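**Student:** Just passing along the structure, written as structure tokens.
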């Protein structure tokens, strides 16, 4: 369990994270979404023990992470721009990690080399951005961390490799109980991978939830009814979040509540047409985080 | 459980240590290769193919430059990840605590730096030592005077000093790495601290020494020690022991001197503090400082202040020194300081801030530095604490310690070795009053010299009138003739000599008065003054009983030693070896005479010289003039032993005491023992005086004037007054063949003649220039012995 309590991180006068309180369960794939400069990378670095919080606490399984070698043995941080030694190759980097990470698994390392087509003897600096990221992923998985922190993990990867990576993450979570936190500014990239998601903006967590819970609590219905939506929702005791006029008299209502209950209450008004459709993660984000000072549609892609 | 945890920690620490070394093997290889070429290979080459240039333990500039460069490079390489965001992400996310991470890298750097150095230089030392041992066995070879073990030890001691200097520099470089965000800042800081700090220390020393009359100067030892705190490199250039800078002297180290030990002490302490500071800062260092220009602003502030003050003071002093007028000098100082300090501050700011960012805020620091310095400058100039005018009262003084070069010139015996300043404690009330009167006279003279309330420091100007104030011919024409100088009517040497006031001593002396006050505090003042201006005060001092007995080593003889006396009547080439009994009586007689002699007595031409010699000291001398120093446990050049150390043996190896005409006790004793007159030349004595030594005629000390006079320009002196003057000159004869002057020989009526005297040019008597130098006839020579 990752736990952040009143977490603050400032860079001079700039507050990158402000009073963050989140709990993230172990063994999940956590998508951390936010625009550039929202605080995603800072949060990851705090989790990796690279940064020390100005205030508050961040723990993994109840232990503070900063300068805690024992807890960090199970954490691997892959930043958006990974560092490689001068003239470093995948093999040399693997040798280095082997010295430092006690859990380094040579078998996994070899397996990863078959998944990602990288020459382990080639200098990493001469590789393309995508290949460099693959090299970093090989090393990250070979260290067999309990918590894998990936910053913009899919950047520069071709669709085939992305798919492989997603499978690999799912397998690792299933097989080793690994927790994976992926920070990205692209919500769609994470939609089919994450089971938990967090939305961060200007140093604040706007949302932190299980995706299933989110999806189960927000309903998107297509409805044809000759009464005003607001009147119907009020009469049915439903929380109407948004109404979107579709073709003809068809409307799309976003309603908070349980799917069956929503459908039952709306059916009581005898709509001409009623169908519940699965909301996209984007829709959920938009309608669940709607607060006056944020226009969420602008902070997610 | 604990041991497993500890084992895991050690495992990662060890792995990180070896990994760091492995990562930098290439650079370590280059470093080792360079050391190999500079040290053992060079020594072997010289030994085998160029033994004439073979030097013993040649740690020289090049040999030090390489380790110095790598001493900076290794920390830059080992800790460069701190200056890169991506590398910091990697290292600080690793499962290793900061302390072991830092120490593993720190030790790896030290290993890379010192293992090759110590191994290679040790090998070189052994090669040198063995070769040296071989040379020691060759008769006549200069190294035969040294003890092999001592020299080998000295070689390792030199190496040890270099190791400690490098260790300190390494530690300081790491400290700077911890305190900077970028490598450029680290390098700029390192250079600025190492150079700027040295410059600032030198500038402040010069500033205070120059501004304050009476300021004894900050001890160079203290300055050196303070300087190497931030600039360990300076240790290589400062003196260690009694010798010049380490590099300057090619590495001679007096290992037993307090300097060497305290140097090492300072270096070790600074290294340890830098290490502790680095570790502390590293543990607290924020990863986000990597690559940031504005990390650790205090370090940059320090650099800016050091650079701007040092540059400002140096330029200001340079500009003001050419002015004798206070107003102009102070204006030049202020303008020079403001301009130079501001420009240097601006340049450093632009470099460290990559432009003019935050300049406005930064100028507050500059302003503060300028204000602080201005307070010091004007505070010192107006002497707000009364430092320059303070003269203690005799009743407040427990005793006075006086150090001076020749301040008691007239009473000093002529020593056979380099004149060393005496350091004597005066406790008598009369003595205290006399020295305080001199001090007061000096302070009053300074006041006369001021043209404003601001005391313009003129440390390079003596107090009192200058020699040229008494001399009409200016600095161009000294009263001594220049070699081959054309003779003009108005400026001929005789006229110039005659214009010098009779009995005037033109010595510009220094004196250091250290008052040990009754309240337990010391008060020290040092002055450079003209004897003539303060002759009244000096006369009072010279006449002091305490002065006479404490100033003169004759009264400090250790009579338990075997002392032999040789009596010389130099003008007649007479010498007489006194036995033990006579020596003792002679010493007693001379002590009596010196005790009552007035300055006028001591201004007379001496009639004899008594050389007292310590046989024990002589026994320790080896044939090349080196004597075995018990304390230092090595043979040392006689002239390199300070007088203070010689004092521990009772008397120096050899001291010459003059016998003056007023020394009735001594002369009576001598005349009784030798049946000779010691007061005047025998009637009819003549002197053959020959002009400058002529090149080609010189044949060492075996020159025979009687045979070779024909080839010289000579004249004969028979006037008793002139002979008397010559006697004074010949008493001080010098056997230095490089001395331009004249030589003379006395011919006595009984047909005997004296030895040949080679006289200094500046001892020439005035009548010398009126002599008619010419090629003498044989008949004229024959009259000499008649």
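Chains as they are written, first to last, in our numbering: chain A, 1105 to 1405; chain B, 27 to 812.
No residue lacks a Cβ here, since even glycine has one placed at the ideal position from N, Cα and C.
Here the structure is a predicted model, which means the values were calculated and not measured.
1) For the region 1132 to 1158 of chain A, list every residue whose C-beta sits within 8 Å of some C-beta in chain B, in sequence order.
2) If the cut is a Cβ gap below 8 Å, which residues of chain B does residue 1165 of chain A touch?
3) Within a Cβ cutoff of 7 Å, which residues of the same chain sit near residue 1113 of chain A, ignoring the five residues on either side of it in sequence?
4) Spatial neighbours of residue 255 of chain B within its chain, please: C-beta separation below 6 Å, excluding the five flanking residues on both sides.
5) Residues in its own chain within less than 6 Å of residue 220 of chain B by CB, not counting five upstream and five downstream?
6) Measuring CB to CB, does residue 1198 of chain A end up less than 8 Å from residue 1251 of chain A?
7) Can you find a C-beta in chain A that's less than 8 Å from the C-beta of residue 321 of chain B?
8) Quick one: what does DSSP say residue 804 of chain B is sitting in, helix, strand or coil?
9) Taking C-beta to C-beta, are residue 539 of chain B and residue 411 of chain B nearer than 8 Å?
10) Given that a residue counts as buried once 16 or more other Cβ atoms are within 10 Å of its Cβ, and exposed if not, what is residue 1352 of chain A?
11) Taking CB distances under 8 Å as the criterion, tell me whether residue 121 of chain B reaches chain A.
12) Rounded to the nearest angstrom, how far is the Cβ of residue 1225 of chain A from that of residue 1193 of chain A, given a contact under 8 Å?
13) Of the choices A/1209, A/1207, A/1384 and A/1339, whose alpha-carbon is the least far from that of residue 1294 of chain A?
14) Threshold first: 3 residues or longer. Then list the beta strand (DSSP E) segments lying entirely within the region 1132 to 1197 of chain A, N to C.
15) Using DSSP with H/G/I as helix, E/B as strand and the rest coil, what is residue 601 of chain B?
16) Check whether chain B comes within 8 Å of residue 1186 of chain A, counting only Cβ atoms and requiring the distance to be less than that.
17) So what does residue 1066 of chain A bridge to, in DSSP terms?
18) Can you tell which of A/1125, A/1370, A/1208 and A/1373 has the C-alpha that lies nearest to the C-alpha of residue 1308 of chain A?
19) Which word fits residue 37 of chain B, buried or exposed, when buried means at least 16 other C-beta atoms lie within 10 angstroms of its C-beta?
20) Less than 8 Å between CB atoms is the rule here; does residue 1121 of chain A satisfy it with respect to chain B?
21) Could you tell me which chain A residues have their CB closer than 9 Å to the CB of residue 112 of chain B, listed as they occur along the chain?
22) Closest to residue 117 of chain B by C-alpha separation, out of A/1196, A/1201 and A/1362, would be which residue?
23) Please identify, using Cβ separations under 7 Å, the residues of the region 365 to 389 of chain B that lie next to chain A, in order along the chain.
24) Go ahead and label residue 1210 of chain A buried or exposed: buried means 16 or more other beta carbons lie within 10 angstroms of its beta carbon, across all protein chains shown.
25) Along the region 287 to 319 of chain B, what residues have a CB closer than 8 Å to any CB found in chain A?
26) So, with DSSP's three-state summary, where would you put residue 1355 of chain A?
27) Excluding five sequence neighbours on each side, which residues of the same chain lie with their C-beta closer than 6 Å to the C-beta of residue 573 of chain B?
28) For the putative contact between residue 793 of chain B and residue 741 of chain B, defined by C-beta atoms under 8 Å, what is the C-beta separation to the nearest angstrom?
29) By Cβ distance, which residues of its chain are closer than 6 Å to residue 388 of chain B, with the 5 residues on each side in sequence left out?
30) With a threshold of 16 other CB atoms inside 10 Å of the CB of residue 1255 of chain A, please say whether the residue is buried or exposed.
31) So, are the CB atoms of residue 1238 of chain A and residue 1228 of chain A less than 8 Å apart?
32) Residues bridged to residue 1451 of chain A by DSSP?
33) Find the nearest neighbour of residue 108 of chain B within the set B/198, B/207, B/120 and B/175, judged by alpha-carbon distance.
34) Would you mind giving the Cβ-Cβ distance between residue 1300 of chain A and residue 1315 of chain A, rounded to the nearest angstrom? I have them listed as a contact below 8 Å.
35) Report all residues from its chain with a CB closer than 8 Å to the CB of residue 1166 of chain A; omit the five preceding and five following residues, and keep chain order.
36) So is residue 1077 of chain A in contact with chain B if we call contact Cβ pairs under 8 Å?
**Tutor:** Concretely, from the data shown:
1) 1149, 1152, 1153, 1154, 1155 and 1156
2) Within the first chain, numbered from 1, the residue matching residue 1165 of chain A stands at position 61. By Cβ distance, chain B contributes nothing, its closest Cβ being about 15 Å from residue 1165 of chain A, past 8 Å.
3) Counting from 1 along the first chain, the entry for residue 1113 of chain A is found at position 9. Cβ within range, chain order: 1120, 1121, 1146, 1150, 1155, 1157 and 1158.
4) Counted from its first residue, the second chain places residue 255 of chain B at position 229. So the qualifying residues of the chain are 296.
5) Sequence index remark: in the second chain, residue 220 of chain B carries index 194 (1-based). Hits under 6 Å: 257 and 259.
6) Stepping through the first chain from its first residue, residue 1198 of chain A is reached at position 94. Stepping through the first chain from its first residue, residue 1251 of chain A is reached at position 147. For residue 1198 of chain A and residue 1251 of chain A, no; Cβs fall outside 8 Å.
7) Along the second chain, one-based indexing puts residue 321 of chain B at 295. So, not an interface residue.
8) In the second chain, the residue the question calls residue 804 of chain B occupies position 778. Of the three classes helix, strand and coil, the one that applies to residue 804 of chain B here is helix, per DSSP.
9) As a first step, residue 539 of chain B is located in the second chain; it is residue number 513 there, counting from the start. As a first step, residue 411 of chain B is located in the second chain; it is residue number 385 there, counting from the start. Going by C-beta atoms, residue 539 of chain B is not nearer than 8 Å to residue 411 of chain B.
10) Position 248 of the first chain, counted from the first residue, corresponds to residue 1352 of chain A. So residue 1352 of chain A counts as exposed.
11) On the second chain, position 95 is the one that residue 121 of chain B refers to. Contacts with chain A at 8 Å (Cβ-Cβ) include residue 121 of chain B.
12) Residue mapping note: residue 1225 of chain A aligns to position 121 of the first chain, counting from 1. Residue mapping note: residue 1193 of chain A aligns to position 89 of the first chain, counting from 1. Confirmed, Cβ separation roughly 5 Å.
13) One-based indexing of the first chain puts residue 1294 of chain A at position 190. Measuring from the Cα of residue 1294 of chain A, the nearest candidate turns out to be A/1384.
14) 1133 to 1137, 1159 to 1164 and 1179 to 1182
15) Position 575 of the second chain, counting from 1, holds the residue named residue 601 of chain B. Reduced to three states, the DSSP call for residue 601 of chain B is strand.
16) Within the first chain, the letter at position 82 stands for residue 1186 of chain A. For residue 1186 of chain A, the answer is yes, since a Cβ of chain B falls inside 8 Å of its Cβ.
17) Absent from the model: residue 1066 of chain A. The displayed extent of chain A is 1105 to 1405, so no value can be given.
18) Here residue 1308 of chain A refers to the residue found at position 204 of the first chain. With distances taken between Cα atoms, residue 1308 of chain A lies closest to A/1125.
19) On the second chain, position 11 is the one that residue 37 of chain B refers to. With fewer than 16 Cβ atoms within 10 Å of its Cβ, residue 37 of chain B is classed as exposed.
20) Position 17 of the first chain, counting from 1, holds the residue named residue 1121 of chain A. Judged by the 8 Å Cβ criterion, residue 1121 of chain A is not in contact with chain B.
21) The count along the second chain starts at 1 and reaches residue 112 of chain B at position 86. By Cβ distance, chain A contributes 1183, 1185, 1186, 1187 and 1188.
22) In the second chain, residue 117 of chain B corresponds to position 91, counting from 1. Minimum Cα distance to residue 117 of chain B is reached at A/1201.
23) Those residues of the region 365 to 389 of chain B that come within reach of chain A (Cβ to Cβ, closer than 7 Å) do not exist; the list is empty.
24) Along the first chain, read from residue 1 onward, the residue named residue 1210 of chain A stands at position 106. When all chains shown are included, residue 1210 of chain A counts as exposed.
25) Here the close residues are 309, 312, 313 and 314.
26) Counting from 1 along the first chain, the entry for residue 1355 of chain A is found at position 251. Strand.
27) Residue mapping note: residue 573 of chain B aligns to position 547 of the second chain, counting from 1. Here the set comprises 567.
28) Here the question's residue 793 of chain B lines up with position 767 in the second chain. Here the question's residue 741 of chain B lines up with position 715 in the second chain. So it is not a contact: roughly 10 Å between Cβ atoms.
29) What you label residue 388 of chain B is simply residue 362 of the second chain in a count that begins at 1. Here the set comprises 375.
30) Position 151 of the first chain, counting from 1, holds the residue named residue 1255 of chain A. By the 16-neighbour rule on beta-carbons within 10 angstroms, residue 1255 of chain A is buried.
31) Taking the first residue of the first chain as position 1, residue 1238 of chain A is located at position 134. Taking the first residue of the first chain as position 1, residue 1228 of chain A is located at position 124. It is not a contact, given that the beta carbons lie outside the stated cut-off.
32) Past the boundaries of the shown model lies residue 1451 of chain A; chain A is included only from 1105 to 1405, so the question cannot be answered.
33) Translated into the one-based positions of the second chain, residue 108 of chain B becomes position 82. Ranking the options by Cα distance to residue 108 of chain B, first place goes to B/207.
34) Sequence index remark: in the first chain, residue 1300 of chain A carries index 196 (1-based). Sequence index remark: in the first chain, residue 1315 of chain A carries index 211 (1-based). 7 Å between Cβ atoms; contact.
35) As a working mapping, residue 1166 of chain A is identified with position 62 in the first chain. Here the set comprises 1105 and 1107.
36) For residue 1077 of chain A there is no data in the structure shown, the boundaries of chain A being 1105 and 1405.
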